[in-house]
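The sequence shown begins at 1 in the UniProt record's numbering and counts up one residue at a time. All C-beta atoms, glycine included, are put in the ideal place defined by N, C-alpha and C. Read through the structure below, which is laid out as structure tokens, and then see the notes.
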Amino acid sequence: RIDSATSLSSAIINTRLQELVKLFKERTEKVKEKLIDPDVTSDDESPVASPAKPAPAAAPVPPPAGEVEGDKPSGDDHYCEMLCCTFKCRPWTDRLKSYQFPSSIDPLTNLMYVLWLFFVVMAWNWNCWLIPVRWAFPYQTPANIHCWLLVDYLCDLIYLLDILVFQTRLQFVQGGDIITDKKAMKENYLRSQRFKMDVLCLLPLDFFYFKTGVNPLLRFPRCLKYMAFFEFNNRLEAILTKAYIYRVIRTTAYLLYSLHVNSCLYYWASAYEGLGSTTWVYDGEGNSYIRCYYWAVKTLITIGGLPDPKTLFEIVFQLLNYFTGVFAFSVMIGQMRDVVGAATAGQTYYRSCMDSTIKYMNFYKIPKTVQNRVKTWYEYTWHSQGMLDESELLVQLPDKMRLDIAIDVNYNIVSKVALFQGCDRQMIFDMLKRLRSVVYLPNDYVCKKGEIGREMYIIQAGQVQVLGGPDGKSVLVTLKAGSVFGEISLLAAGGGNRRTANVVAHGFANLFILEKKDLNEILVHYPESQKLLRKKAKKMLKNNNKPKEERGGPGDSLIIPPKPETPKLFKAALAATGRTGGKGPLARLRWRLKELKAMQA
């Protein structure tokens, strides 16, 4: 029993002494690193503040007598019932009363202004489309004249509000500054050409109704508010993701409007000559507008098959129609071609690049397997990014705008990389502008073991596999989005810039590449971050150069682990016991150790 107790106590002492020696070694290494590099921060975590205790809730006020708890409170509270729930909300009348119209409006980014322009353009289209119809066709009668006048004056009210409320509040740029002063904005609008046209389109020619009757031609100046239409087009195209669709619709509307005006002129000419008086004029049967519109389509598109004009008036009218139709139709075709060409410019560029590459590979008789991989790269890159090279899209932007776009696109990925944590934030921003996006196909080698490393890789999307083992094909680890590799070759110096493993793309992988020369140019301006990255590089190289058993890596495990070395302090105690010739547990333990050494010998 004494021997077993002695051996147990000695094992406990041995374990404790080993732990103390290990702690002293780690502390010595930290102090040594601190003396060599004073910029090294402590590895101790900062204490976490204890969560503040919430303030005790005030005791609920008991309801007055006679009121049941849970009933709807009366007074200023307003409740809206939806399905089975009751929501407390503010009455819309109160919200309307408290709303304040903005003192200045940004015409480039304010969506409310774009919505208002939509209403102005609708009023302008009412005048442009229906004034010719009411003038030529007998659709305006004494029975429905009040409806036409009601909509007319509603459009005039929209014109007037646009002048008094919106145009006088538009911000403008003067000397590089955005002017928001009320007086300056009003004076800028009064001096502009827009104000002159707005006043001209609201000429009160309606007073002549008392003398000539309600003649729609007196409202023709309302069509002069065309500047609002073009401004609405510019603002709407700026906020649409597929603006080419709106351009196609607008060009089609131009063609339909020219046919609309021509049909109105044809009915007026027929009425002037007399309906059904000749074979050329409209005979007055069927729907007058549809029949005249059909004639206008055949004339402007020059389909043919029309009756020959008989009188001089009809001949001159038909000649003018033919000339105008050829000119208008050619303009519309050219504009439609430009719109479709601009919408498919990227697709055309992609096809031309792919065709040129295929022609080059066929000329030099490149193997079909390589050609298929090149075609796959073109197709995947185009469908995943919508472009072949992202840098070509941003080359025209200023440096500040390129940085803003790079931060929004790449900062969330790069900021999670452990290698750059703790570095200067502005250094990260400068590095984002140097990143280059590259797409790798399945089973493509990103880098090979032993080759010179001149870049570092950050995985944006997809996965890559690190290969190793005796045959070099065993998957050691799979890296996913946000991981970084190749940093050892990028940061190492003195011959340590060779790749240490094979890396293969597992599926399609989109990687960011940072070249060594770009990183060195950036680190010149950030010495603190340079010291931190060098320290991390030394630590990585040190860990990679350690033997497997020291790194704790998967080496050949021993069935019986080696016995730890006896601590020096414990050896000194045993030696002192032997010199004094004492008797006790330590003496017996010393004698037992001698026997074990003799057996091992």
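Taking DSSP as the reference, what is the three-state secondary structure of residue i?
i: GLU285; result: coil
i: ASP355; result: helix
i: ILE245; result: helix
i: TRP591; result: helix
i: THR369; result: helix
i: LEU514; result: strand
i: ARG291; result: helix
i: CYS201; result: helix
i: GLY346; result: helix
i: ILE452; result: strand
i: LEU170; result: strand
i: HIS506; result: strand
i: ARG498; result: strand
i: ARG436; result: strand
i: ILE303; result: coil
i: CYS128; result: helix
i: VAL414; result: helix
i: LEU20; result: helix
i: TYR364; result: coil
i: CYS423; result: coil
Among residues of its own chain, excluding the 5 on either side of residue i, which ones have a beta-carbon nearer than 6 Å to its beta-carbon?
i: SER270; result: VAL281, TYR282
i: LEU593; result: none
i: ALA65; result: Legend: pLDDT at ALA65 = 45, less than 50; position of this residue unreliable, value from coordinates given subsequently. Within the same chain, ALA65 has no close Cβ partners at all.
i: ALA238; result: none
i: residue 629; result: Because the chain here runs from 1 to 601, residue 629 falls outside it and cannot be looked at.
i: ILE488; result: MET540
i: PHE363; result: none
Measure the Cβ-Cβ separation of residue i and residue j and say whether it is below 8 Å.
i: MET354; j: TYR378; result: yes
i: LYS473; j: LEU479; result: no
i: ARG134; j: PRO216; result: yes
i: CYS264; j: LYS225; result: no
i: SER288; j: PHE137; result: yes
i: PRO309; j: ILE315; result: yes
i: LEU511; j: ILE459; result: yes
i: VAL446; j: LEU432; result: no
i: ILE513; j: LEU435; result: yes
i: PHE420; j: GLY462; result: no
What are the start and end residues of the alpha helix (DSSP H) that includes residue i?
i: GLY334; result: 312-343
i: ASP152; result: 145-161
i: TYR226; result: 226-239
i: TYR189; result: 182-190
i: TYR209; result: 209-212
Excluding the 5 residues preceding and the 5 following residue i in the sequence, name in chain order all residues of the same chain whose CB lies nearer than 7 Å to its CB.
i: MET332; result: THR251, TYR254, LEU255
i: MET227; result: ARG194, MET197
i: LEU388; result: TYR350, CYS353, THR381, TRP382
i: PHE485; result: TYR457, LEU479, VAL503
i: ASN443; result: VAL504, ALA505
i: SER10; result: LEU589
Output the boundary residues of the beta strand (DSSP E) element that contains residue i.
i: VAL475; result: 474-479
i: residue 607; result: What is shown of the chain runs 1 to 601, which leaves residue 607 out entirely.
i: ASP389; result: No beta strand (DSSP E) contains ASP389, which DSSP labels as neither H nor E.
i: residue 605; result: Residue 605 is absent from the structure shown; the chain starts at 1 and stops at 601.
i: VAL165; result: Element bounds for VAL165: n/a, residue is neither H nor E.
i: VAL524; result: Here VAL524 belongs to no beta strand (DSSP E), and DSSP marks it neither H nor E.
i: VAL446; result: 445-447
Going along the chain, which residues of its own chain have a beta-carbon closer than 8 Å to the beta-carbon of residue i, five neighbours each way excluded?
i: ARG219; result: ASN127, ILE131, ASP152, LEU205, ASP206
i: PHE232; result: VAL114, LEU117, PHE118, VAL120, VAL121
i: ILE407; result: PHE429, LEU432
* Okay, do the stretch 243-252 and the stretch 336-355 touch, 3+ Cβ pairs below 8 Å being the bar? -> Contact between the stretch 243-252 and the stretch 336-355 is present, because at least three Cβ pairs lie under 8 Å.
* Asked: Does the pairing of the stretch 171-182 with the stretch 96-115 give three or more beta-carbon distances under 8 Å?
  -> By the Cβ test, the stretch 171-182 is in contact with the stretch 96-115, since at least three Cβ pairs between them sit closer than 8 Å.
* Asked: For the 8 Å Cβ check, are there 3 or more pairs between the stretch 188-196 and the stretch 204-216?
  -> No, because fewer than three Cβ pairs between the stretch 188-196 and the stretch 204-216 fall closer than 8 Å, the two stretches do not touch.
* Asked: Would you call the stretch 497-505 and the stretch 453-462 in contact, with 3 or more CB pairs under 8 Å?
  -> Proximity of the stretch 497-505 to the stretch 453-462 meets the contact definition, three or more beta-carbon pairs being nearer than 8 Å.
* To do: Spell out a yes or no on whether the stretch 150-159 and the stretch 116-126 are touching, meaning 3 or more CB-CB pairs, one atom from each, closer than 8 Å.
  => Contact between the stretch 150-159 and the stretch 116-126 is present: three or more C-beta pairs spanning the two stretches fall below 8 Å.
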